[in-house]
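Here is the structure we will look at.
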Amino acid sequence: MININNLNFGYNKHKPLFKNMSMRLSNGHIYGLLGKNGAGKSTLLKNLAGLVYAQGGTLDVMGYDPAKRQPALLEQICFIPEEFYLPSVKIGTYLKANAPFYKNFDYGYFNDLIKEFDIPVEQKLINMSYGQKKKVIIAFGLATQAKLVIMDEPTNGLDIPSKAQFRKIMASAMTDERCIIISTHQVRDLDNLIDTVIMLDENDIALKATVEEITEKLTFKKVKEIDDSIFYAEPSLSGYNAVMPNYHQEESKLDMELLFNAILAEKIKFKPLFS
Amino acid sequence: MEFRDNKAIYLQIAEYVCEHILLGKWKADEKVPSVRELAVEMEVNPNTVMRTYELLQNKNIIKNKRGIGFFVDEAATEQVKSYRKQQFIADELPVVFRNIYLLNIGFDELENQYKTFVKENFNA
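Residue numbers (this note's numbering), protein chains in the order written: chain H, 1 to 275; chain S, 1001 to 1124.
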């Protein structure tokens, strides 16, 4: 689906964001893209969607170079940005103007999603709350039936019931033909949806591994005391939340926040496990 | 569903399926929800449910009828009991034992509590 080879990119010559980054992504997965503020999550997504252009290396998305912005590729990409603008029109007009760009657009499915999200269809888009607007573009994006779905912080602005609806919708939208990439800081909203974690740090990919691989190699658990076997731990009410190598083939639940902090703090310890 | 923190999600979903079989909500030879249906209900990645179903197939608890879906095995209840028993003894019992020991709870008291519990919850 996606092949990134030695990607170089930066908004400023002296401050590169990506240095010789390479990665392959395939269909049938929901990738969770994690990284600190400014690590380049949104920028990587924009590179894939043809919104900014690689300065070195190659990007191959479904056989196309996204920088060429060919319609045949763009109609297969749904991009939900974190910041967006919606015009002062009602949903019907918005659809008439935008849906024809996607030849597989599913109007019935769009209406189902709008109903499920409880969107007031008679209201102008510009007058809706941020959360409502977000739900409109999520519904639109998924109704395009695009094979590559890119979402930048999709749960930002969603209220509590909408987050659960969003998770259900994504669970049903994930098919073997689709590749879904979600960048997020709100890992607790999405951690059970993500099957592969991609973590950006220091101009490169600090980790790319499936949840299965991670929990095969590492175990996440509460411990009373810290010893040398522990890679990283954070104090909690009943002791420590700890990450350590999975010596006893335990089947623990991945704690994505803990993993994130652990890798930022102790990258060298994790590297040999995931190379 | 509310997931606990201490166990892989795919195993927690396996427990959920087993529970439904033990309680007779899903009966032998009946179809179980599709991977996608269960993923939507649980709000998890379909690949996770697929992993659950693969595990349950290996334990002869459900079986895959190609092109139709997954069904509860005829002998599922027995298989679930033996699988759950193993899991319970390995994972949950040590925690219970630890508390019984620390709180110095006698077996007589436990037996009474257990009987009351069964009566109140299962009318047995």
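Think of the CB as a built atom: it goes at the ideal place given N, C-alpha and C, for glycine as much as any other residue. Note that this is a predicted model, so its numbers are computed, not measured.
Taking the Cα of I1068 (chain S) as reference, the smallest distance to any Cα among S:K1031, S:L1023 and S:F1107 is reached at S:K1031.
Of all C-beta pairs linking the segment 180-190 of chain H to the segment 151-158 of chain H, three or more are shorter than 8 angstroms, placing the two stretches in contact. Annotated three-state conformation of E177 (chain H) is coil, per DSSP. When DSSP reads this structure, H29 (chain H) sits in a beta bridge with H:C179. Listed along the chain, the chain H residues whose CB falls inside 8 angstroms of the CB of E1043 (chain S) are A164, R167, K168, A171, N192 and L193. T1048 (chain S) sits in a helix when the DSSP states are folded into three classes. Put simply, the backbone Cα of L1056 (chain S) is about 26 angstroms away from that of Y31 (chain H). I1089 (chain S) has a beta carbon lying at 8 angstroms or more from every beta carbon in chain H. For the segment 1002-1029 of chain S, the residues whose beta carbon sits under 9 angstroms from a beta carbon of chain H are, in order, F1003, R1004, D1005, N1006, K1007, A1008, I1009, Y1010, L1011 and Q1012.
Note on the segment 125-189 of chain H: whole alpha helix (DSSP H) runs with a minimum of 4 residues are 130-143 and 160-173, in chain order. Shown here, L51 (chain H) sits in coil according to DSSP, grouped into three states, outside any helix or strand. Look at F1117 (chain S) here: in three-state DSSP terms it is helix. Interface with chain H (8 angstroms Cβ-Cβ cutoff): N1058 (chain S) is excluded. Not flagged as an interface residue toward chain S: K271 (chain H), since no C-beta distance is shorter than 8 angstroms. The shortest CA-to-CA distance from K134 (chain H) to any of H:Y85, H:T144 and H:E122 is the one to H:Y85. Taking one beta carbon from each stretch, the segment 255-270 of chain H and the segment 228-244 of chain H have 3 or more pairs nearer than 8 angstroms; the two touch. Restricted to the segment 60-99 of chain H, the beta strand (DSSP E) segments that are unbroken, complete and at least 3 residues in length are 77-80, listed in chain order.
The contact set of E251 (chain H) on chain S, defined by CB atoms closer than 9 angstroms, consists of K1007, A1008, Y1010 and L1011 in chain order.
According to DSSP, A262 (chain H) shares a beta bridge with no other residue. Residue burial annotation: I114 (chain H) is buried, with at least 16 other C-beta atoms found within 10 angstroms of its C-beta.
With a 10 Å radius around the Cβ and a threshold of 16 neighbouring Cβ atoms, Q249 (chain H) comes out exposed. The residues L86, I119, P120 and V136, in chain order, have a CB closer than 8 angstroms to that of M128 (chain H) in the same chain once the five nearest residues on each side in sequence are set aside. Taking the CA atoms as reference points, F18 (chain H) sits about 35 angstroms from Y1010 (chain S).
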